[in-house]
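Residue numbers (this note's numbering): 953 to 1235. The next block holds one structure in the form of structure tokens; read it before the comments.
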């Protein structure tokens, strides 16, 4: 496994990967790797000849009051995980490598990035799309792999790739959950055992919404009320949003048809949890 820290070395490595038929799969991460990240590496290994992982805690996607400084970092453990998954390359830049002192350019997706996460974290997606554009430009992967837990992020990046005619296929991979249903996240380690139990209500609410749709409910309002009722039942949660949306546009729906995504975000003890479930409705 090769570790590269500079853009110049990464470009040199990339030029050497150009024999016909070579395909590169990229897994962008912020480190603190868990089984969800490893599932992305495994998917990349199954579908691409070369697997590249980036580990970079991106300062541009954190707001002024967010957890950039204390975001979990464990490089030795992360590199061990990459070796175990037979990753070929780890790109490990410092912030001033990707954002030198005279850096002035950002990349923004408009409509898709404004609702939901974009409303609660106004600068977040511009930071994500800027760093992803740089990574795709440097690595030029055939495919890039993202987890469903961050579904809006996936949609924003898919739009970015489409709009800028980038030659990369954006691949959505299933959310990996603990046995109790909680979606894996690097930030899960912030919470106590009791807070974690309260956070499970989000997945339970989304599951109740999916079940209601499965029983034939086709209006969004009663589905959202069923989900909200679960979150309101003595859990002491701060609910930021809970909605039934079109899976592609992320616009809220009144009537449910086609592919629907149930989106939710809550705070427990100051820690944000986001989750979603995709529901495919047969007409």
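Built from N, CA and C at the ideal position, the CB exists for glycine as well.
Could you give the residue range of the alpha helix (DSSP H) that holds residue i?
{"i": "residue 1193", "result": "Not the alpha helix (DSSP H): residue 1193 falls in the beta strand (DSSP E), residues 1190-1198."}
{"i": "residue 1159", "result": "1145-1166"}
{"i": "residue 1231", "result": "Here residue 1231 belongs to no alpha helix (DSSP H); instead the beta strand (DSSP E) covers 1223-1232."}
{"i": "residue 1175", "result": "1172-1183"}
{"i": "residue 1031", "result": "1027-1036"}
{"i": "residue 1050", "result": "1047-1050"}
Nearest CA to the CA of residue i: which residue from the options?
{"i": "residue 1019", "options": "982, 965, 1123, 1184", "result": "982"}
{"i": "residue 1222", "options": "1189, 1199, 1230", "result": "1189"}
{"i": "residue 1087", "options": "1227, 1229, 960, 1233", "result": "960"}
{"i": "residue 1184", "options": "1167, 1162, 1153", "result": "1153"}
{"i": "residue 1298", "options": "989, 1156, 1224, 1215", "result": "Here the chain comprises residues numbered 953 to 1235, so residue 1298 is not present and cannot be evaluated."}
{"i": "residue 1196", "options": "1169, 1036, 1187", "result": "1169"}
{"i": "residue 1014", "options": "1205, 1069, 1233", "result": "1069"}
{"i": "residue 992", "options": "1205, 978, 1105", "result": "978"}
{"i": "residue 1227", "options": "1140, 1205, 1172, 1042", "result": "1140"}
{"i": "residue 1236", "options": "1148, 1118, 1117, 1021", "result": "Residue 1236 lies beyond the range of the chain shown here (953 to 1235); nothing can be said about it."}
With a threshold of 6 Å (Cβ to nearest heavy atom), would residue i be considered close to the ligand NAD?
{"i": "residue 1202", "result": "The ligand NAD is absent from the structure shown, which contains no ligands of any kind."}
Use the C-beta contact count for residue i: other C-beta atoms within 10 angstroms, 16 or more gives buried, fewer gives exposed.
{"i": "residue 1081", "result": "buried"}
{"i": "residue 980", "result": "buried"}
{"i": "residue 1101", "result": "buried"}
{"i": "residue 897", "result": "Absent from the structure is residue 897, since the part of the chain shown begins at 953 and ends at 1235."}
{"i": "residue 1127", "result": "buried"}
{"i": "residue 986", "result": "buried"}
{"i": "residue 1165", "result": "buried"}
{"i": "residue 1073", "result": "buried"}
{"i": "residue 1077", "result": "buried"}
{"i": "residue 1060", "result": "exposed"}
{"i": "residue 1017", "result": "exposed"}
{"i": "residue 953", "result": "exposed"}
{"i": "residue 1233", "result": "exposed"}
{"i": "residue 1033", "result": "buried"}
{"i": "residue 1029", "result": "exposed"}
{"i": "residue 1203", "result": "exposed"}
{"i": "residue 1027", "result": "exposed"}
{"i": "residue 1065", "result": "buried"}
{"i": "residue 1291", "result": "An answer regarding residue 1291 cannot be provided, because it is not within the stretch 953 to 1235 covered by the chain."}
{"i": "residue 1045", "result": "buried"}
{"i": "residue 1096", "result": "buried"}
{"i": "residue 1043", "result": "buried"}
{"i": "residue 955", "result": "exposed"}
{"i": "residue 1163", "result": "exposed"}
What is the residue span of the beta strand (DSSP E) that residue i lies within?
{"i": "residue 1006", "result": "1002-1007"}
{"i": "residue 1211", "result": "1211-1220"}
{"i": "residue 997", "result": "Unbroken run through residue 997 is the alpha helix (DSSP H), 987-999; no beta strand (DSSP E)."}
{"i": "residue 954", "result": "954-956"}
{"i": "residue 1042", "result": "1041-1043"}
Using 7 Å as the limit for Cβ to Cβ distance, is residue i near chain B?
{"i": "residue 998", "result": "Any reference to chain B falls outside this structure, which holds one protein chain only."}
Quiz item: Does the region 1112-1123 come within contact of the region 1004-1011, defined as at least 3 CB pairs closer than 8 Å?
Solution: no
Practice problem: Please list the segments of the beta strand (DSSP E) lying wholly inside the region 1056-1134, counting only runs of 3 or more residues, in order along the chain. | Solution: 1095-1099, 1121-1125
Self-check item: Cβ pair count under 8 Å reaching 3, the region 1075-1093 against the region 965-978
Solution: yes
Quiz item: Does the count of Cβ pairs from the region 1110-1121 and the region 1068-1088 closer than 8 Å reach three?
Solution: yes
Quiz item: Does the region 1154-1173 touch the region 1215-1234, meaning 3 or more C-beta pairs lie closer than 8 Å?
Solution: yes
Exercise. Run through the region 958-985 for me and flag every whole beta strand (DSSP E) of 3 or more residues, listed as ranges in chain order.
Key: 976-981
Practice problem: Decide if the region 1036-1046 is in contact with the region 989-1000; the criterion is three or more beta carbon pairs, one per stretch, under 8 Å apart. | Solution: yes
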